[in-house]
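Structure record follows, encoded as structure tokens.
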DNA sequence: ACAATAATACCGACCGGTCGGTATGATTTT
DNA sequence: AAAATCATACCGACCGGTCGGTATTATTGT
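Written out as structure tokens, the structure reads:
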């Protein structure tokens, strides 16, 4: 989720530089394949600085997930779709924004939390929890709009929380399919998946033939 | 995708034992975090045997993806839902089977290809391609039934290939959300996601109010 | 005002251990 | 006997992490 940089403040302290490096390198190589030395090199910082700020590589992983959480949370909270009047339009607006963010190599639009949790869910409870918080936080930000849309359209048979989680599910799955594709095809695959997610919401919220 | 063992022939040769070990360990720890020594230990085989059969760790990764591909392909090809008369029922039957396979710790029902490609998509083209083939092969096996169902129900606006890929997307995403959850909650999260996928198909193929 | 003190931020050499991989030798199978 | 199938010992690079130290910036005592 979310492209690199523009909406994130420039990293000044060694700590911030390391977190930025973590986001970039973990996205491209994964957590385990990224070494502390490599992180330091990429951040232009020494190993001493690394262990001054982080007790361990695992601690950096947790901090990176939190950092990511905060960055994405801030970004989506400020997105313009929130001003739309109809709650369903806000939900679809979110999906459309996610689609718009897709482009370029996968590592530029994929999710740090989803990448990291896949590798560390068994070896590090702390990282798992931090990644879970990041993804679920992203889902929770949608819940109110989904709940409002459900009430307005009389949708039953599921919950807003479940639907919000499903949005995250499709996003994470889209990133995996995109990674498996050739660089050039990754974005199309991801957009295709989110297109189906969008249609699911359209169908779900317009069961009486409002569509077509 | 797919639980451990029952439908796979017992591993006898060192090669097969190593592939089995790879499936187990990569599912639980990821590719990068799994060392060659660990693979050998788990397989009850020496390092000499490893490098006798595989030129490198990367080569094992490719072979593991192929092995996985073959095992899952065989399993799903033999599944009973293929005998259903209505193509839509066959598609829903596939999803129901996927739901039924979910249970226990995530590493017992997650996908080797999806896990591996997330870590290696940039560092190893060979692994990326092998994982892509595995996941897309799984999708392609659904395509004919989806195409038939689309024709029968007059569904337009997308393609059978795109829908089949979307099934894989949701499955892969479900595994990630499940990994992020506490061990006990993982299966519920995954089933929940596949439930939404099922409802998407129900809605898509019954646009004129056949539902409810 | 200014020195003494202490906390913070960082540096880079170094450590034990593990990594993927190799070289060579011993069995077993054909 | 020749090829396939391992087993063992070993290699250099690199791993995460430690350590003694320094430069800079508050804080405090007088």
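Residue numbers (this note's numbering), protein chains in the order written: chain A, 1 to 212; chain B, 1001 to 1212.
All residues carry an ideal CB built from backbone N, CA and C; glycine is no exception.
Under 7 angstroms Cβ to Cβ from residue i, same chain only, skipping five residues before and after it: list those, please.
i	result
residue 57 of chain A	36
residue 140 of chain A	164
residue 87 of chain A	145, 148, 149 and 152
residue 1062 of chain B	1126, 1127 and 1130
residue 1188 of chain B	none
residue 103 of chain A	109 and 187
So what does DSSP say about residue i, is it helix, strand or coil?
i	result
residue 185 of chain A	coil
residue 1072 of chain B	helix
residue 1200 of chain B	helix
residue 1013 of chain B	coil
residue 1109 of chain B	coil
residue 137 of chain A	helix
residue 1084 of chain B	coil
residue 1156 of chain B	coil
residue 205 of chain A	helix
residue 122 of chain A	coil
residue 34 of chain A	coil
residue 1195 of chain B	helix
residue 99 of chain A	helix
residue 1044 of chain B	coil
residue 1104 of chain B	coil
residue 1003 of chain B	In this prediction, residue 1003 of chain B has a pLDDT of 49, which is less than 50 and means its spatial position is unreliable; nothing more can be read from the coordinates.
residue 1039 of chain B	helix
residue 19 of chain A	helix
Can you find the residues in the same chain that come closer than 6 angstroms, C-beta to C-beta, to residue i, ignoring five residues on each side of it along the sequence?
i	result
residue 1198 of chain B	1095
residue 65 of chain A	113, 130, 131 and 134
residue 1212 of chain B	Its pLDDT being 33, under 50, residue 1212 of chain B is placed unreliably by the model, and the measurement read from it follows with that caveat. Cβ neighbours of residue 1212 of chain B beyond the five flanking positions: none.
residue 43 of chain A	17, 18 and 21
residue 99 of chain A	191 and 194
residue 67 of chain A	19
residue 83 of chain A	none
residue 162 of chain A	none
State yes or no: is the C-beta of residue i within less than 8 angstroms of the C-beta of residue j?
i	j	result
residue 1060 of chain B	residue 1018 of chain B	yes
residue 190 of chain A	residue 206 of chain A	no
residue 148 of chain A	residue 170 of chain A	no
residue 50 of chain A	residue 39 of chain A	yes
residue 111 of chain A	residue 29 of chain A	no
residue 1123 of chain B	residue 21 of chain A	no
residue 136 of chain A	residue 127 of chain A	no
residue 31 of chain A	residue 125 of chain A	no
residue 1107 of chain B	residue 1027 of chain B	yes
residue 81 of chain A	residue 101 of chain A	no
residue 200 of chain A	residue 1200 of chain B	yes
residue 1166 of chain B	residue 196 of chain A	yes
residue 138 of chain A	residue 118 of chain A	no
residue 45 of chain A	residue 14 of chain A	yes
First and last residue of the alpha helix (DSSP H) that includes residue i?
i	result
residue 1051 of chain B	1047-1053
residue 1175 of chain B	1160-1180
residue 78 of chain A	Run containing residue 78 of chain A: none; DSSP gives neither H nor E here.
Excluding the 5 residues flanking residue i on each side, which residues of the same chain have their C-beta closer than 8 angstroms to its C-beta?
i	result
residue 105 of chain A	183 and 186
residue 77 of chain A	141
residue 73 of chain A	137, 138 and 141
residue 47 of chain A	36, 37 and 40
| Cβ pair count under 8 angstroms reaching 3, the segment 1179-1193 of chain B against the segment 1145-1162 of chain B | no
| Do the segment 1083-1095 of chain B and the segment 137-151 of chain A meet, that is, are 3 or more Cβ pairs less than 8 angstroms apart? | no
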